[in-house]
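Accompanying notes for the structure given below.
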């Protein structure tokens with residue numbers, strides 16, 4: 292026993308090698324770890340095989356290499372030759388030694404992207420001071436992809452300019468030209484080598500038949516209006532989920548996006564009963580929230596932005612107004628961090644397909660920013676200059692854009708493009724943004740010098756436009772519509788997607804037109820006979836007053852047409868039909884109904900638009916909103932608010948003496964106390980509803996979000 296122990300104590304222990312090459316690891320041969328070629332590989336007769344190290348300790352070796360580079364860098368900086376030759380000498384190491392070349396961004400969580408190409412950055416800086424970035428100064432050294440894009444006003448931009456100036460002053464035939472590094476991905480497409488597959492294995496999916504039906508709703512009902520994805524790639528990944536094949540995208544982000552699509556489609560699917568849609572959609576969205584991985588400390592990705600845009604769309608259908616606002620802002624900030632707001636960055640992407648995707652994503656951020664700002668009455672995040680910098684997506688459908696094609700392609704001349712709708716919507720919403728900036732300023736008009744300024748404020752401030760210029764823009768926009776996007780009630784397009792796009796575009800146009808003339812209508816209804824009047828000219832004979840009357844009439848007629856358009860296209864069987872999503876229909880009808888109430892306050896308007904015509908439009912508006920009462924509480928709130936609003940107008944004695952009694956305004960309408968919205972609903976609405984001051988007409992500019 293003692294003898295064996297002494298032998299074991301004197302036995303030489305086998306030296307452990309920290310790393311082994313791939314070939315030795317596969318053959319289970321002892322590897323000495325020598326690089327670039329280990330001993331066993333150098334002795335092999337087959338010299339065609341390479342000695343490659345890609346083992347689990349790759350990160351450790353990368354750390355050692357990185358530290359070695361840092362030590363070399365410090366030695367060179369401290370050497371006498373460095374101080375004698377100066378910073379611009381050819382002996383100076385390039386900053387690319389400290390900043391890895393950016394890899395390709397794939398639609399996955401930002402954390403995975405950072406870890407896949409920047410594992411060494413985490414060990415070189417203390418927590419909270421990553422990558423040489425200061426919260427107020429921005430990057431103070433060469434940018435890295437994990438930092439995102441930094442513009443010319445940042446400290447990094449200033450350093451780029453200094454380096455460029457130094458390079459020009461200290462020229463050398465051996466020195467490489469200094470090209471400003473923009474820290475923007477060279478690609479928006481995923482590559483398998485960069486993907487860290489999620490460790491989450493317990494994904495939950497609905498039955499295949501239901502999942503297929505929900506995906507079909509998305510592709511036929513949502514995607515033609517909001518083309519934020521690449522259909523071929525998304526459909527391929529979707530099929531791989533069921534077959535069990537490896538995905539090109541990150542599984543976690545893919546499953547998160549898929550559940551958001553299911554949630555959005557559940558709110559629109561005709562095969563889901565209206566009373567069950569909200570609960571069904573909430574199940575899918577809760578799963579998406581559980582899978583959603585967002586780290587404030589990392590840079591985003593294309594996939595993250597696409598998922599956020601879809602989330603914002605879904606949240607429009609809920610009462611989560613604040614979450615919708617925040618999610619939209621997150622999408623915008625992540626897109627800006629990738630530099631998608633600059634055309635030169637998009638031009639650097641490798642293929643036309645990727646450039647088109649980048650344009651669609653960035654302009655999707657603009658579209659949602661404009662819509663949410665209008666709905667909530669808040670300032671837009673994206674400036675007018677920034678929104679116009681990146682060209683609109685080309686009107687070419689994805690099926691005609693080959694993958695990897697480096698040159699711009701075109702739509703077949705005999706096939707109208709589905710993407711044309713997206714471009715025209717973006718143009719329309721840009722006009723809407725001009726309307727909001729110019730006519731919905733938080734400035735009081737109580738001190739207008741004369742009737743001209745009171746109505747129109749003819750001298751627009753910098754960046755603003757007059758009502759006449761904005762109306763001209765809308766007229767030019769309508770004339771520029773392609774034939775398949777022009778809505779005509781007398782003809783029905785054989786293509787259901789084009790027919791729906793034409794109706795949706797018409798509904799959006801009418802809403803923007805109401806927004807354009809509604810401030811004038813508000814002022815016209817509130818004006819007094821002696822207000823801002825010229826003592827030598829009666830109010831009714833003044834030019835501004837006459838023009839304001841015509842603007843008010845146009846506004847009321849646009850409201851009537853908007854209600855009629857939606858009323859005529861709501862299917863009797865309760866399906867969605869060719870209309871916009873039901874939450875947009877609620878917005879459009881509610882806005883139109885408030886305009887009708889304002890129009891009924893003015894006898895001059897009733898002199899041109901018959902009171903029976905306005906009453907009929909009012910009937911249609913309430914009928915449409917009541918059809919949507921089972922979809923969400925927002926429709927019920929709008930109906931209640933309009934009923935209360937009308938009753939209050941009547942009780943104030945503000946309607947013309949010839950107005951129709953309230954019980955005749957709608958054959959199906961009833962007194963406020965008789966409305967049935969569920970137990971306790973009436974009392975809650977009446978207690979929380981603040982009756983407006985009908986003398987200033989500020990209630991006219993309210994939106995449904997104010998009722999939550």
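Residue numbers (the numbering used here): 292 to 999. In this text, a Cβ means the ideal position worked out from N, Cα and C, and glycines have one as well.
Cβ neighbours of residue 799 in the same chain (closer than 7 Å, five flanking residues each side left out): The residue given as residue 799 occupies position 508 in the chain shown. So the qualifying residues of the chain are 716 and 719.
At least 3 beta-carbon pairs within less than 8 Å: the segment 535–548 vs the segment 609–617: no
Three-state secondary structure (DSSP) of residue 697: On the chain shown, residue 697 is found 406 positions in, with the first residue counted as 1. In this structure, residue 697 counts as coil in the three-state DSSP scheme.
Span of the alpha helix (DSSP H), counted from its first residue to its last, around residue 905: Stepping through the chain shown from its first residue, residue 905 is reached at position 614. First-last of the alpha helix (DSSP H) with residue 905: 902–918.
Same chain, Cβ closer than 6 Å to residue 383, five either side skipped, listed in chain order: On the chain shown, residue 383 is found 92 positions in, with the first residue counted as 1. Confidence at residue 383 is low in this model, with a pLDDT of 37, below 50, so the placement of that residue should be treated as unreliable; the coordinate-derived value is given next. Contacts found: none.
Same chain, Cβ closer than 8 Å to residue 528, neighbours up to 5 away in sequence not counted: By one-based count along the chain shown, residue 528 stands at place 237. Excluding residues within five positions, the ones whose Cβ falls inside 8 Å are 538, 539, 540 and 545.
Continuous alpha helix (DSSP H) stretch holding residue 494: start and end: Within the chain shown, numbered from 1, the residue matching residue 494 stands at position 203. It is not in any alpha helix (DSSP H) - residue 494 carries neither H nor E in the DSSP assignment.
Closest residue to residue 713 among 793, 695, 894 and 863 (Cα-Cα distance): Stepping through the chain shown from its first residue, residue 713 is reached at position 422. Comparing Cα positions, the closest option is 793.
For residue 553, the first and last residue of its enclosing alpha helix (DSSP H): Taking the first residue of the chain shown as 1, we reach residue 553 at position 262. That run of the alpha helix (DSSP H) goes 542–557.
Chain-order list of residues whose beta-carbon lies under 8 Å from that of residue 866 (same chain, five-residue window excluded): As a working mapping, residue 866 is identified with position 575 in the chain shown. Counting only Cβ-Cβ distances below 8 Å, and skipping sequence neighbours, we find 561.
Assumed close pair residue 726, residue 807 - CB separation to whole angstroms, cut-off 8 Å: Against the chain shown, residue 726 aligns to sequence position 435. Against the chain shown, residue 807 aligns to sequence position 516. So it is a contact: roughly 5 Å between Cβ atoms.
Cβ-based burial, residue 919 [other Cβ within 10 Å; buried from 16]: Here residue 919 corresponds to residue number 628 of the chain shown, with the count starting at 1. Buried.
Whether residue 880 touches residue 854 by CB criterion (7 Å): Position 589 of the chain shown, counted from the first residue, corresponds to residue 880. Position 563 of the chain shown, counted from the first residue, corresponds to residue 854. It is a contact, given that the beta carbons lie within the stated cut-off.
Top-ranked residue by Cα proximity to residue 569, from 311, 578 and 558: Within the chain shown, the letter at position 278 stands for residue 569. Nearest of 311, 578 and 558 to residue 569, Cα basis: 558.
Sequence-distant residues of its chain with Cβ nearer than 7 Å to residue 860 (five each side left out): Reading the chain shown from its first residue, position 569 is the one you call residue 860. These residues qualify, in order along the chain: 794, 868, 869 and 870.
CA-to-CA distance, residue 624 to residue 444, given in whole angstroms: Within the chain shown, residue 444 is the residue found at index 153, counting from 1. Within the chain shown, residue 624 is the residue found at index 333, counting from 1. Residue placement at residue 444 cannot be trusted, given a pLDDT of 46 that sits under 50; what the coordinates show is reported in the next sentence. Distance between the alpha carbons of residue 444 and residue 624: 17 Å.
Three-state class that DSSP yields for residue 517 in the structure shown: Here the question's residue 517 lines up with position 226 in the chain shown. Reduced to three states, the DSSP call for residue 517 is coil.
Span separating the alpha-carbon of residue 608 from that of residue 909: Locating residue 608 in the chain shown gives position 317, counting from the first residue. Locating residue 909 in the chain shown gives position 618, counting from the first residue. If I take the Cα positions, the gap works out to 24 Å.
Cβ pair residue 626, residue 653 closer than 7 Å: On the chain shown, position 335 is the one that residue 626 refers to. On the chain shown, position 362 is the one that residue 653 refers to. Closer than 7 Å, so yes.
Delimiting residues of the alpha helix (DSSP H) encompassing residue 848: Translated into positions along the chain shown, residue 848 becomes position 557. Element bounds for residue 848: 834–860.
Beta-carbon proximity check, residue 556 vs residue 600, cutoff 7 Å: Here residue 556 refers to the residue found at position 265 when the chain shown is read from its first residue. Here residue 600 refers to the residue found at position 309 when the chain shown is read from its first residue. No, these two residues do not count as a Cβ contact at 7 Å.
Cβ-based burial, residue 948 [other Cβ within 10 Å; buried from 16]: Translated into positions along the chain shown, residue 948 becomes position 657. Note on residue 948: pLDDT 45, under 50, position unreliable in the model; no value is reported.
For residue 332, the first and last residue of its enclosing alpha helix (DSSP H): As a working note, residue 332 is residue 41 in the chain shown. Residues 330–334.
Option in 915, 872, 703 and 329 with minimal Cα separation from residue 796: The sequence position of residue 796 within the chain shown is 505, counting from 1. It is 872.
Under the three-state DSSP convention, the category residue 957 falls into: One-based indexing of the chain shown puts residue 957 at position 666. Per-residue confidence for residue 957 stands at a pLDDT of 38, beneath the threshold of 50, marking its modelled position as unreliable; the derived number appears in the next sentence. Residue 957 falls in the coil class under three-state DSSP.
Boundaries (first-last residue) of the alpha helix (DSSP H) holding residue 656: The count along the chain shown starts at 1 and reaches residue 656 at position 365. Per DSSP, residue 656 belongs to the alpha helix (DSSP H) from 643–667.
Short Cβ contact (7 Å threshold) for residue 930 with residue 890: The residue you call residue 930 lines up with position 639 of the chain shown. The residue you call residue 890 lines up with position 599 of the chain shown. Not closer than 7 Å, so no.
C-beta contact flag for residue 554 and residue 575 at 7 Å: For this step, residue 554 is matched to residue 263 along the chain shown. For this step, residue 575 is matched to residue 284 along the chain shown. It is a contact, given that the beta carbons lie within the stated cut-off.
Residue 660 beta carbon less than 7 Å from that of residue 671: Within the chain shown, the letter at position 380 stands for residue 671. Within the chain shown, the letter at position 369 stands for residue 660. The answer is yes: Cβ separation under 7 Å.
Reference residue 811; option with closest CA among 840, 547 and 326: Within the chain shown, residue 811 is the residue found at index 520, counting from 1. It is 840.
Residue 542 to residue 937 span [Cα, whole Å]: Translated into the one-based positions of the chain shown, residue 542 becomes position 251. Translated into the one-based positions of the chain shown, residue 937 becomes position 646. In a straight line, the C-alpha of residue 542 is about 53 Å away from that of residue 937.
Meets three-Cβ-pair contact criterion under 8 Å: the segment 513–523 and the segment 677–692: yes
Cβ-Cβ distance between residue 357 and residue 312 below 7 Å: Within the chain shown, the letter at position 66 stands for residue 357. Within the chain shown, the letter at position 21 stands for residue 312. Result no, Cβ atoms of residue 357 and residue 312 do not sit closer than 7 Å.
With 16 other Cβ atoms within 10 Å as the buried cut-off, status of residue 698: In the chain shown, residue 698 corresponds to position 407, counting from 1. It counts as exposed.
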